[in-house]
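In our numbering, the protein residues as written are 35 to 512. C-beta: ideal position from N, C-alpha, C; glycine also. Report on the structure given below.
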Ligand code: NCD
Ligand code: ZN
Ligand code: ZN
């Protein structure tokens, strides 16, 4: 039996290098061809994309599915439904669950749960806290590694924190051997605590406002990034730093990239979209917003880093907590949890930035699709709409003005830190491997449609300054 064909008709295909009026012919799970709109080729099914943009399906390297252990907040089904609604077709989730993913057995247990539930293609970053497990986890198919430098209480689990330079060096060396990427949440924890206590000693309240201010201080991130980069230069591990919003760290990262150090940089929108007013209005839902958005120099530095490619990737940090859980953060920010759901609003939020002239559309598309695909070594199978690519795409209505609402979300916690905000542009249909997974406001596939994405070892490509221009960063190991 021949494979079914689908024609996406009348849309504008948006790629990192620009837009083009092309139809898309899909055969089975793959893109078969880009068609001239006047082409007479027919298909078994047509999807009308007139007036819409067609983007490659979004790829996120920063999902917190909360499974296992915190399924009251989220699980693989609800997180992947939220992702599909937001235009995502692939995500990679994080090890700060209970028990944390630190052994092959725990990784395989997690994988079995996700295989039954997840509706987007998915991978998992395991925690590299046990040196002897690192090669075994890589051999078992881990997508990569993730550790934190921030600590305190859950979700910043002290068991997953690595900050001591000797441990960093041995961990990076072991991961470098695997050829897999390692995601790091950089943070100078002891410096942060000292600065926070100094503020409280000066008379500021020990509350979420003071916390947010100190948590986002440039030195707290810059110092951590400086140490990580120096350890990385010794080992060649492929590192991705997340939450990157501190201008002082951009300087160090740009230099490291120019020197050929294999580092990629991701930021997540809450740091530069949630304001002091949001914290006053919403409390811990808007943490760690506030400090960055009220500083025009910091905002300008972020837009510039996104424009030049010092920041490669916009990830979601989709990190849902129940609203009740956030009261603990308001009582004691040093141990309380914070984090927020992001899948359903992220693309709209960033398209609004494009509409406002803060960011070029091509850079946004690159940061949400091609750049993360390259980190995983799956480009152009994913992260592109080229003949032979997986037919993973999102249709966007670019002019649709809408307001996200608490209580109307796919994510289990069912709230959004962007509640009531006017956003311009909305994903309206998501397709994964030729099948519509979200359309007409509904999830359209059964649990378990997603497939696992194994880690792909890559050699760092040191011949170019990575990330400074789209189209390159890391080439597959031959
Ligand atoms: C994340 C979480 O809740 O798991 N919290 C957060 O601050 N966004 C963990 C993290 O990404 O640091
Ligand atoms: Zn983090
Ligand atoms: Zn996170």
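query, result
"Could you pull the DSSP bridge partners for residue 156 from this structure?", "125 and 486"
"Identify which residue in 171, 201 and 170 has its Cα closest to the Cα of residue 182.", "201"
"So, with DSSP's three-state summary, where would you put residue 363?", "helix"
"Ends of the beta strand (DSSP E) at residue 338?", "Unbroken run through residue 338 is the alpha helix (DSSP H), 330–342; no beta strand (DSSP E)."
"Return the Cβ separation of residue 176 and residue 160 in integer angstroms, given the expectation that the two are a contact with Cβ distance under 8 Å.", "4 Å"
"Quick check: what's the CA-CA separation for residue 250 versus residue 44?", "44 Å"
"For residue 483, which option in 111, 95 and 75 has the closest C-alpha, if you only look at C-alpha atoms?", "111"
"Where does the unbroken beta strand (DSSP E) through residue 94 begin, and where does it stop?", "92–97"
"Residue 206 lies in the alpha helix (DSSP H); which residues open and close that run?", "199–212"
"Can you grab the Cα-Cα spacing for the pair residue 184 / residue 54, in whole Å?", "44 Å"
"For residue 123 and residue 403, what's the separation of their Cα atoms in angstroms?", "10 Å"
"At a threshold of 7 Å, does residue 371 count as lining ligand 1 (C-beta to nearest heavy atom)?", "yes"
"Just grab the DSSP bridge partners of residue 48 for me.", "53"
"Could you tell me how far apart the beta carbons of residue 194 and residue 133 are, in whole angstroms, since I believe they sit closer than 8 Å?", "The pair is not a contact, with the Cβ atoms about 11 Å apart (cut-off 8 Å)."
"Less than 7 Å between the CB of residue 344 and some heavy atom of ligand 2, yes or no?", "no"
"Does the beta-carbon of residue 37 have 16 or more other beta-carbons within 10 angstroms, so that it is buried, or is it exposed?", "exposed"
"Return the bridge partner residues of residue 109 from the DSSP annotation.", "For residue 109, which the question treats as bridged, DSSP gives no partner whatsoever."
"How long is the line joining the alpha carbons of residue 62 and residue 414, rounded to whole angstroms?", "17 Å"
"Assuming residue 94 contacts residue 406 (C-beta within less than 8 Å), just tell me the rounded distance between them.", "7 Å"
"Residue range of the alpha helix (DSSP H) that residue 80 falls in?", "Segment 79–82 is the beta strand (DSSP E) holding residue 80; no alpha helix (DSSP H) there."
"Do you know offhand how far residue 267's Cα is from residue 399's?", "30 Å"
"Which residues share a DSSP beta bridge with residue 464?", "428 and 472"
"Thinking C-beta only, is residue 87 closer than 8 Å to residue 46?", "yes"
"So is residue 447 buried or exposed if we call it buried at 16+ other beta carbons inside 10 Å?", "buried"
"Under 8 Å between the Cβ atoms of residue 364 and residue 318?", "yes"
"Does DSSP classify residue 291 as helix, strand or coil?", "helix"
"With a threshold of 8 Å, are at least 3 pairs of Cβ atoms found where one atom belongs to the stretch 330–344 and the other to the stretch 92–106?", "no"
"Starting from the C-beta of residue 50, find all residues in its chain whose C-beta is less than 6 Å away, skip the five residues before and the five after it, and write them out in chain order.", "396, 399, 400, 404 and 504"
"Work out the CA separation of residue 236 and residue 174 for me, nearest whole Å.", "51 Å"
"Find out if the Cβ-Cβ distance for the pair residue 409, residue 215 is shorter than 8 Å.", "yes"
"Report the rounded CA-to-CA distance for residue 370 versus residue 390, giving the unit in angstroms.", "35 Å"
"Under 8 Å between the Cβ atoms of residue 285 and residue 341?", "no"
"Can you list, in chain order, every residue whose CB sits closer than 7 Å to a heavy atom of ligand 2?", "182, 184, 219, 276, 277 and 351"
"Within 10 angstroms of its Cβ, does residue 232 collect 16 or more other Cβ (buried), or is it exposed?", "exposed"
"DSSP on residue 192, reduced to helix/strand/coil?", "helix"
"If you run the structure through DSSP and keep just helix, strand and coil, what is residue 439?", "coil"
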